[in-house]
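Right, one structure below, let's go through it.
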Amino acid sequence: MTNLYQFQTADHIISGADSLKNIGDYLHLLDRELHRALIVTQPTMKRLGFVEQVKNDLAKHGIESDINIDVLPEPTLQNIEDVFESIKHQQYDLLIGLGGGSVLDAVKILSVLATNKQSLKDILGTDLVKKPGIPTFLIPSTSGTGSEVTPNAIVTIPDEELKIGVVSKHLLPNLVFLDPILTLSLPRPITAATGMDAFTHSLESFISNKANLISDMVALESIRLISASIVEAYQNGSSIEAREKMLLGSMYGGMALTSAGTAAVHALAYPLGGKFKIPHGVANSMLLPHVMKFNMEAIEERLSLVAEPMGIDTRELTVREAAEKVVEKIVEWTNLLEIPQNLKEYGVTEEDVSSLAVSASKVTRLLNNNPKELSLEDMETIYRKLLV
60 MTNLYQFQTA DHIISGADSL KNIGDYLHLL DRELHRALIV TQPTMKRLGF VEQVKNDLAK
120 HGIESDINID VLPEPTLQNI EDVFESIKHQ QYDLLIGLGG GSVLDAVKIL SVLATNKQSL
180 KDILGTDLVK KPGIPTFLIP STSGTGSEVT PNAIVTIPDE ELKIGVVSKH LLPNLVFLDP
240 ILTLSLPRPI TAATGMDAFT HSLESFISNK ANLISDMVAL ESIRLISASI VEAYQNGSSI
300 EAREKMLLGS MYGGMALTSA GTAAVHALAY PLGGKFKIPH GVANSMLLPH VMKFNMEAIE
360 ERLSLVAEPM GIDTRELTVR EAAEKVVEKI VEWTNLLEIP QNLKEYGVTE EDVSSLAVSA
420 SKVTRLLNNN PKELSLEDME TIYRKLLV
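Counting in this note's numbering, the sequence shown runs from 60 upward without gaps.
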């Protein structure tokens, strides 16, 4: 555990069922005049009426708004550049992201592109954004990425068959709304994949080399909330209680990774998304138990501390047994949630293993957080465990 650490998050967070209905009541928190906003969203949010709800509320407060639905799932660099090209000559005072992690990430990037004379390629990496962006409101419609409270945004680079992060304090939003009503209609596969993504954020943050007292606090609370609700949210999607716990758990996971960072699971997942379009949450779910087993000798004690928040009775277990029960529980969840466990289903073959490992090895920002060093051979072995 590191002795020197920091914590940063969104300026304001509003949480609760139907909180989205009151978005206009919080505009004063920006302490500036607002005349025109851009709502970046997804077709589903339009169809369900949430976009119109936000648009009407803004209008009541004298704010005109436009709508953009051009951000793709797991957007590429070109996709975000195209969206920016279509809006850059407009004078927006506020950008609102209403959707999943891809939309939220895109809005954070669009915000800083609008105020900096930098291209998207210029800001790929850590602390490369020079100035704050246009104010942002982020409203997640999934319980997964925690993007609404992180300084990170992920971009797919097809030419490199990889995902790369933009990391900057200037990406942190001004206001976040956590309204579980938006997540009630999530299909089961998305509930499962995004929920396991959020859990992975928290677990990896807890065992990260940069774990600290603050990240531990929010990571363990995230693990507790998600463990108590992920199966219920999957089996009974209309449960407001389960959906709210998942949304809060996802947010806490985002806070944890902001402070401590994720590790090898995410590093190995990025090439799977970049090359084979495997949804990020699915890739994480596939890799999580295998990476934890690989790390076991280095994280046994830390991992055992996760057992109780996961609902595992540890009273008669040794430290090692409790740690192993955590991995068993993760495998049990992936089965219950019907998350694929075979890379072959996505077209991955033995011939791809070497190049996947090489791509993953380039994600040093995350691999350096892992408590046990991975060689190329180690990475290949982990990928092969998913070719069954």
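A virtual CB, placed ideally from N, CA and C, is assigned to each residue, including glycine.
Mind checking which residues open and close the alpha helix (DSSP H) that includes residue i?
| i | result |
| --- | --- |
| Asp125 | Segment Glu123 to Asn127 is the beta strand (DSSP E) holding Asp125; no alpha helix (DSSP H) there. |
| Ala278 | Leu272 to Gln294 |
| Lys334 | Ala323 to Phe335 |
| His71 | His71 -> not in any alpha helix (DSSP H); beta strand (DSSP E) instead, spanning His71 to Ser74. |
| Gly156 | Looking at the DSSP string, Gly156 is not in any alpha helix (DSSP H); the run it does join, the beta strand (DSSP E), is Leu153 to Gly158. |
| Lys384 | Val378 to Leu395 |
| Pro348 | His339 to Ala366 |
| Val253 | At residue 253 the sequence reads Thr, which differs from the Val that was named. Element bounds for Thr253: Arg247 to Ile266. |
| Asn115 | Phe109 to Lys119 |
| Thr423 | Thr423 to Leu426 |
| Val208 | Element bounds for Val208: n/a, residue is neither H nor E. |
| Ile441 | Leu435 to Arg443 |
| Leu415 | Val412 to Ser420 |
What residue range does the beta strand (DSSP E) around residue i cover?
| i | result |
| --- | --- |
| Thr195 | Thr195 to Pro199 |
| Ala96 | Arg95 to Thr100 |
| Gly224 | Leu221 to Val226 |
Have a look at residue i and residue j and give me their C-alpha separation to the nearest angstrom.
| i | j | result |
| --- | --- | --- |
| Thr103 | Ile337 | 21 Å |
| Leu346 | Val130 | 27 Å |
| Val412 | Asn427 | 21 Å |
| Ile126 | Ala419 | 36 Å |
| Met310 | Val277 | 9 Å |
| Lys304 | Ile273 | 20 Å |
| Gly254 | Glu300 | 15 Å |
| Ile285 | Leu243 | 16 Å |
| Tyr85 | Ser281 | 26 Å |
| Gly406 | Leu183 | 29 Å |
| Val110 | Glu123 | 13 Å |
| Ser288 | Lys80 | 25 Å |
| Ile240 | Ser78 | 9 Å |
| Asp90 | Lys114 | 20 Å |
| Ser202 | Gly158 | 10 Å |
| Thr423 | Arg247 | 33 Å |
| Ala357 | Met314 | 24 Å |
| Val225 | Arg374 | 43 Å |
| Ile249 | Leu307 | 17 Å |
| Pro330 | Ser414 | 9 Å |
Considering only residues of the same chain and omitting the five flanking positions on each side of residue i, which have a CB-CB separation below 6 Å?
| i | result |
| --- | --- |
| Leu136 | Leu179, Val214 and Ile216 |
| Leu197 | Gly156, Leu163, Glu207, Pro232 and Val235 |
| Ile72 | Val235 |
| Leu396 | Ala251 and Tyr293 |
| Leu445 | Met345 and Leu402 |
| Leu425 | Thr321, Ala322, His325 and Ala326 |
| His94 | Asp152 |
| Glu263 | Thr321, Ala322 and Val324 |
| Glu291 | Ser298 and Ala301 |
Which residues in the same chain as residue i place their Cβ atom closer than 7 Å to its Cβ, once the five residues preceding and following it in sequence are excluded?
| i | result |
| --- | --- |
| Gln67 | Pro210, Lys228, Leu231 and Thr317 |
| Ala328 | His339, Ala342, Asn343 and Leu346 |
| Lys388 | Met369 and Ile371 |
| Ser170 | Leu154, Gly192, Ile193 and Thr195 |
| Asp476 | Only positions 60 to 447 of the chain appear in the structure, and residue 476 is not among them; the question remains open. |
| Met461 | In the structure as shown, the chain starts at 60 and stops at 447, and residue 461 therefore has no counterpart that could be examined. |
| Arg283 | Pro368 |
| Phe335 | Tyr405, Gly406 and Val407 |
| Leu376 | Lys384 |
| His120 | Gly83 and Leu86 |
| Glu472 | Because the chain spans 60 through 447 in this model, residue 472 falls outside it and cannot be assessed. |
| Val378 | Glu359, Glu360 and Ser363 |
| Val390 | Pro348 |
Can you tell me which of the options puts its alpha carbon nearest to the alpha carbon of residue i?
| i | options | result |
| --- | --- | --- |
| Ala76 | Lys403, His94 and Ser298 | Ser298 |
| Asp372 | Val99, Lys384 and Ile122 | Lys384 |
| Lys176 | Leu426, Pro191, Lys80 and Ala165 | Pro191 |
| Glu360 | Pro430, Leu426, Trp392 and His260 | Pro430 |
| Ala118 | Val226, Leu183, Ile146 and Ile82 | Ile82 |
| His325 | Leu272, Tyr442 and Asn271 | Tyr442 |
| Ala382 | Ala366, Glu375 and Gly205 | Ala366 |
| Gln150 | Ala96, Ala69, Glu220 and Thr185 | Ala96 |
| Gly205 | Leu237, Gly184 and Asn115 | Leu237 |
| His148 | Lys421, Ile223 and Ala173 | Ala173 |
| Thr259 | Ser200, Val422 and Met351 | Met351 |
| Ile98 | Asp116, Arg91 and Asp90 | Asp116 |
| His349 | Thr440, Gly312 and Gly224 | Thr440 |
| Leu433 | Met355, Gly308 and Asp141 | Met355 |
| Ser261 | Glu92, Gly312 and Asn295 | Gly312 |
DSSP beta-bridge partners for residue i?
| i | result |
| --- | --- |
| Gly308 | According to DSSP, Gly308 bridges with nothing at all. |
| Ile213 | Gly224 |
| Val235 | Ile72 and Leu197 |
| Gly184 | Val225 |
| Thr135 | Thr215 |
Counting only the same chain and skipping the five closest in sequence on each side, list residues whose C-beta sits under 8 Å from that of residue i.
| i | result |
| --- | --- |
| Lys269 | Thr61, Tyr64, Ser318, Ala319, Gly320 and Asn428 |
| Leu88 | Asp70, His71, Asn233 and Leu234 |
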